[in-house]
Every structure is written in C-alpha cells, then in structure tokens.
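Sequence order for the protein chains is A and B. First residue of the first sequence? That's 4 in our numbering, and the numbers climb one at a time after it. First residue of the second sequence? That's 256 in our numbering, and the numbers climb one at a time after it. Using N, Cα and C, we set each Cβ at its ideal position, and we do this for glycine too. Some notes on the structure that comes next.
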Amino acid sequence: MSIPEPSINFATENAILLSFAEPRLNPKAGSISADQLQMRIIDLANTLRQSPVAELLTDLVPAPGSLLIVLNDGHSARRVLKEAEQHWGSQTNTQRKSRQVEIPVYYGGEYGPDLAAVASHCGMSEQDIINCHSTACYTVSALGFMPGFAYLSGLDNRLAIPRRKTPRNRIRAGSVAIGGTSTGVYPADSPGGWHIIGHTRLSLFNPDSASPTYLQPGDQICFIPQWDEGSALP
Amino acid sequence: MIEIIKASPLLTVQDLGRTGLRHLGIPQCGAMDPYALSIANWLVGNPANLAGLEIVTAPLTLQFHQSHRIALTGHDYQARRCDSDGNESDLSCGFAHNIPAGSTVSLPATREPGGRAYLAIAGGVDVPVKLHARSTDLVNRFGGVEGRPLQRNDVIKVGQANINTEACGHGVRPWQVDGRLRAVPGLDINAFSEECQQAFWYHPWKISHNLSRTGIRLDGSQLDTPSEANRLSAGVLPGMIQVPGGEQIILLAADAQTTGGYPCIASVISADLWQLAYLQPGQIITFVPVSIAEAQGQHSARQQYMQRLAKQLGVEDSL
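Given below as structure tokens:
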C-alpha cells in the first residue's frame with residue numbers, strides 16, 4: 004500500500020502545513036483511501052503530542068487532507084519535521100482504535116424543518132432519507148469552524164444537496180444538517196446555510212469540561228434515530 | 256473589588272489567550288496586543304499572563320472599592336484618577352499607579368480613536384479559568400465574565416497581589432504604530448497572478464468598518480483568485496490574510512476560527528501582529544514582504560527584547 008508524501012510549506016513563519024494530495028483526486032493502484040489517509044494524519048498529530056518535540060509545539064490542527072503544525076518558534080521547524088517524518092514513515096496501519104460514538108437524533112417534524120425539502124430534492128421518501136443518514140458510519144476528519152463542530156466524512160452521495168439559497172440567521176445548537184456532500188451537527192446557535200434534517204439533545208461543546216468537545220478527530224460516529232411527538236414517525 | 260460605573264463598548268477580560276486547543280475548534284482569543292498586556296502586568300508586579308482589561312474605546316469609569324496598584328498601556332486615553340476627596344490627577348500611560356480605596360479611574364470621551372488600551376491590576380482580574388485561560392471568547396460566549404463584554408454595575412474581583420514587589424518606578428514607552436505590516440508569502444500566493452501579487456504588496460489598503468477581534472476587512476484592489484485556488488479547509492491562524500474574492504481581503508485576528516477555506520495570500524509576521532490592536536476604520540496600511548527567515552529573526556528579536564524589558568522591570572518572568 005503506498006502512502007502519499009506530503010508537500011511541506013511554511014504557512015506563517017511559525018507554522019508548517021503538511022498537505023496530502025487527496026487519494027480520490029489522485030487514484031493510484033494500491034494507494035490508501037481518503038479515510039485511511041485522514042486517520043494517519045490524525046495519528047501523526049496524536050503521536051507528535053506525546054513525542055520529545057511536544058514542548059516545541061503550540062498546536063496541531065488536522066483538517067481534511069492536511070495537518071497544520073504550529074510552533075512556539077519557527078526556528079525549530081527542522082527538528083519537528085524530522086520527528087514527524089520518522090513517525091509518518093514508520094506508521095503501520097492505523098495504530099489507534101477509533102472511539103465509537105453514537106449520536107441520538109430526532110429526525111424530521113419540528114426537529115428537521117428541511118427534511119421534506121431534502122427528500123424531494125433527492126427523489127426519496129423522508130423515511131428513506133432517515134434510514135440512509137442513520138445507517139451510514141461517519142468519520143470525524145477534523146474539528147473546526149466553531150468549537151466542537153466536526154467535519155464528517157461518509158455521507159451517502161445520494162443525500163448530497165446544494166446549500167440553501169438563503170442561509171438562516173440562526174440554526175439552533177444540536178441541529179443535524181446536510182450541506183453539499185457533508186453532514187454535521189451544530190454545537191452552538193449559529194447562522195448557516197445547511198439543510199436541517201434533525202436534532203440531537205447532546206451537548207457537543209462544554210467549556211466547563213476538561214474534555215470540552217464531545218467529538219474528537221478520528222472518532223467513528225453513527226446517528227441513532229429517536230422518536231417523540233415532535234419528530235417524524237417511525 | 257472594582258466596579259464598572261460607566262462601561263465602554265467591547266470592554267473585555269483578556270489574558271494571553273488559549274493554546275493547544277485549535278484541533279478542537281477552540282480559538283486563541285487573548286489580548287490583541289499581547290506585549291502591551293504583558294508590560295502592564297510587569298509594571299504592577301504580575302506575571303505576563305495574568306488577566307487584565309482590554310479597553311477598546313472611551314469613555315469608561317471604574318470605581319475602586321479597595322486600593323489597588325494598576326498600570327495602563329497601549330493607546331493613551333488620558334486617564335484620570337479622582338480620589339474620595341475629589342482630588343484629581345493624571346494617570347500617565349506606561350507607569351504603575353496606586354489607586355486608593357474610594358477613588359475612581361476615568362478614561363474621558365475622546366474624539367481621536369486610537370485603538371486598544373490595557374489595564375492591569377496587581378493580582379490580576381480574578382475570573383474563573385475556562386480551558387486554561389481567563390480570556391473572554393466573545394464569539395463562543397465563554398471565559399472572562401460570562402463570555403460577554405463587561406457592563407455597568409459589573410464587579411470585578413482581583414486576585415492576590417505579589418506583596419514582595421515594590422511599586423515599579425520605571426515607565427515603558429508605547430511602540431509606534433506605523434501601518435506598515437510586514438508579511439510572509441501565504442500558502443496560496445502562487446495561485447494569484449503576478450499582477451494581483453503586485454496589487455497586494457506595497458499598495459494602500461484601507462481598514463473598513465467591518466473590524467472585530469475575529470478579523471479586519473480591508474478595501475483595496477480587486478484580487479482575482481483562480482478557481483484552482485478553491486481548496487479544502489485547512490488550519491488557519493491569526494495574521495493570515497484571506498482573499499474571498501471581490502475587493503475586500505480579511506486579516507484574521509485573535510478570535511478567528513481555527514479552519515478556513517479561502518485562499519491565503521500572505522501572513523502578517525508575529526512581531527507586527529500587535530499593531531492590529533490599534534487599527535481604525537479609514538486608516539491606510541501597506542503590506543511589506545519579508546522572507547520566512549527574516550520573520551523568524553524578528554520573532555526572536557521581539558522575544559529577546561521582551562525578556563530584557565522584564566529584567567529591567569525587575570520581574571522574573573518569561574512570555
């Protein structure tokens with residue numbers, strides 16, 4: 004299995020971006036999948052956090068297909084890159100077992116005001132959308148945009164839908180939404196253009212907790228449908 | 256205890272901000288001019304990282320219910336002290352002052368906005384630590400006082416002051432904002448045409464009215480971004496200059512989100528980032544290109560300068 008080598012660039016004088024060509028865009032026989040690549044990037048970040056160079060690092064920020072290494076002082080770039088290279092080369096298959104996280108979701112009804120629109124756009128029934136969304140398994144590629152917001156990969160491409168023409172001024176915390184080829188959960192009230200198909204009562208960001216975000220990069224998650232008088236019927 | 260009698264807009268509690276949490280989507284926050292807050296802290300005998308007040312504009316009036324030693328740095332708002340007998344005196348910027356119980360400290364209204372000022376109090380502003388810092392995150396509404404700007408009638412608790420330090424007699428002159436921001440080429444600079452790059456460097460950019468702790472929008476030339484520059488979101492940092500297309504660019508500041516997808520044409524060097532604290536709408540600035548090596552050298556030089564300054568002020572502290 005071939006593992007892509009990153010391109011390495013200074014993003015600022017104190018930060019390095021490792022970016023990896025997307026395997027999807029660059030298909031090669033025997034190359035690893037985008038999800039496998041992403042797990043390796045996340046593993047690399049976690050390994051560096053435990054490594055002898057950890058004290059030189061301010062932040063390690065994985066994003067889809069990249070890792071931003073933020074240094075206390077850019078002069079240590081060479082040393083940190085050497086360490087990173089060593090771990091990247093020696094990584095066998097994903098070293099860490101992913102956490103499995105379940106997110107209970109109330110779909111449709113008052114919880115998912117856009118479920119009907121999504122169903123009609125995709126040419127499926129509302130129940131099909133719910134089944135399709137809740138049987139897939141998703142990977143947290145990265146967190147960003149706001150505290151605890153997870154970029155999820157794994158959306159069934161039949162559910163892809165362009166963003167709303169008019170974004171909402173306020174999407175309430177816990178909303179489960181689809182936008183483009185992505186799906187996600189809003190950790191806090193926020194403006195947004197994604198289509199809301201459901202709602203979870205989990206709190207995805209809590210600044211009072213030692214582990215402030217419910218999700219972490221690399222988690223495997225699935226959505227578990229729930230029903231009450233306000234949701235779509237089973 | 257210090258009570259806010261008259262609050263100015265966007266008055267917040269800030270320390271040097273949060274690090275190590277960007278992979279969870281948690282931004283840095285902290286003083287927009289970390290050097291000014293550090294110096295104010297040192298002047299009153301605090302470590303650099305204690306929380307102080309970030310003042311964005313005047314008028315502002317604070318009532319001191321106990322006596323405290325304070326220092327003001329950053330923009331000089333011509334602050335005045337008025338004691339319980341009605342005696343007034345000037346509080347010069349960049350010096351430590353003892354404020355007796357019962358006094359008020361006022362920053363009078365000004366016609367010349369000049370950006371942020373920092374008020375440090377011996378012992379530091381005592382608010383609960385949230386995610387390793389006391390800084391207010393206005394966007395995500397946590398830290399500081401309930402994650403919001405301070406309001407009239409808020410009462411600020413003060414931590415235990417370091418009683419071993421004598422009042423510092425030295426003063427520290429503020430640095431001059433020159434509106435020349437040195438920047439290193441950004442990750443996507445080669446996605447821009449030669450023409451666009453020339454239109455970016457050295458040319459005047461005007462600070463728009465859309466500026467906050469999250470970012471500053473600047474008006475200038477139209478920079479066309481080729482479609483191949485539409486890339487996946489990646490980690491972003493304060494100082495990065497994003498080009499969404501159109502005639503505005505965005506200079507990310509302390510509260511900026513942690514990931515972004517807009518092409519990055521350049522990044523303001525860390526040694527010049529403090530100037531963002533003082534930029535005002537309508538002001539013209541230019542971006543001056545420097546190499547990565549030069550930017551790293553400037554970073555080290557700034558750190559060394561701050562260490563020397565700490566020593567001269569008699570504080571054993573590192574940034």
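Got a sec: is the Cβ-Cβ distance from Gly-500(B) to anything in chain A below 8 Å?
no
Interface partners of Asn-17(A) on chain B, CB under 7 Å
Ser-525 and His-554
Sort Trp-197(A), Ala-119(A), Gln-219(A) and Ala-80(A) by Cα distance to Asn-172(A) and report the nearest one.
Trp-197(A)
Segment limits, beta strand (DSSP E) that includes Cys-451(B):
Premise fails: Cys-451(B) lies in the alpha helix (DSSP H), 449-455, not in any beta strand (DSSP E).
Comparing C-alpha positions only, which one of Ser-69(A), Ser-128(A), Thr-142(A) and Ile-174(A) sits nearest to Arg-161(A)?
Ser-128(A)
Taking Thr-391(B) as the query, report the chain A residues whose CB atoms sit under 9 Å from its CB, ordered along the chain.
Result: empty, since nearest Cβ-Cβ is about 11 Å, beyond 9 Å.
Chain-ordered neighbours of Asn-160(A) on chain B, where CB pairs are closer than 9 Å
Result: empty, since nearest Cβ-Cβ is about 17 Å, beyond 9 Å.
Cβ distance (whole Å) where Val-413(B) is taken to contact His-352(B) below 8 Å:
So it is not a contact: roughly 15 Å between Cβ atoms.
Exposed or buried, Leu-236(A), counting other C-beta atoms within 10 Å across all chains shown (16 or more means buried)?
exposed
If I measure Cβ to Cβ from Thr-365(B) and keep anything under 7 Å in the same chain, skipping five residues before and after, which residues do I get?
Ala-313 and Tyr-332
Contact the stretch 147-157 of chain A vs the stretch 207-216 of chain A: 3+ CB pairs below 8 Å
yes
Grab me the residues of Lys-385(B)'s own chain with a C-beta within less than 7 Å of its C-beta, minus the 5 sequence neighbours each way, in chain order.
Phe-397 and Gly-398
Distance between beta carbons of Gly-441(B) and Ser-522(B), contact taken as under 8 Å
5 Å
Option nearest Asp-38(A) by Cα separation, candidates Pro-55(A), Leu-51(A) and Pro-67(A)
Pro-67(A)
For Ser-156(A) versus Ser-137(A), is the C-beta distance shorter than 8 Å?
no
For Thr-61(A), which residues in chain B fall below 8 Å Cβ to Cβ?
Thr-274 and Gly-275
If you check the beta carbons only, do Pro-60(A) and Leu-51(A) fall under 8 Å apart?
Reading off the sequence shown, one finds Leu at residue 60(A), where the question assumed Pro. Yes. Within cutoff.
Taking only heavy atoms of the ligand COA into account, decide whether any of them is closer than 7 Å to the Cβ of Leu-63(A).
The ligand COA is not part of the structure shown, which contains no ligands of any sort.
Let me see if you follow: with CB-CB separation under 8 Å, is Pro-220(A) close to chain B or not?
yes
Any C-beta of chain A within less than 9 Å: which residues of the stretch 356-388 of chain B qualify?
Pro-383, Lys-385 and Leu-386
Could you check what DSSP says for Ser-178(A) in three-state terms: helix, strand or coil?
strand
Could you tell me the alpha carbon to alpha carbon distance between His-425(B) and Leu-478(B), rounded to whole angstroms?
47 Å
Return the CA-CA distance between Gly-111(A) and Ser-10(A), expressed in angstroms with no decimal places.
43 Å
Beta-carbon neighbours of Gly-77(A), restricted to chain B and to distances below 8 Å:
Ile-547, Ala-550, Gln-551 and His-554
With distances taken from CA atoms, which of Glu-449(B), Ile-496(B), Gly-378(B) and Ala-489(B) is nearest Trp-460(B)?
Ile-496(B)
Alpha carbon to alpha carbon, how far is Leu-534(B) from Ala-286(B)?
14 Å
Val-410(B) versus chain A: which residues are under 7 Å apart at the beta carbon?
What Val-410(B) touches in chain A: nothing, since even the nearest Cβ is about 22 Å away.
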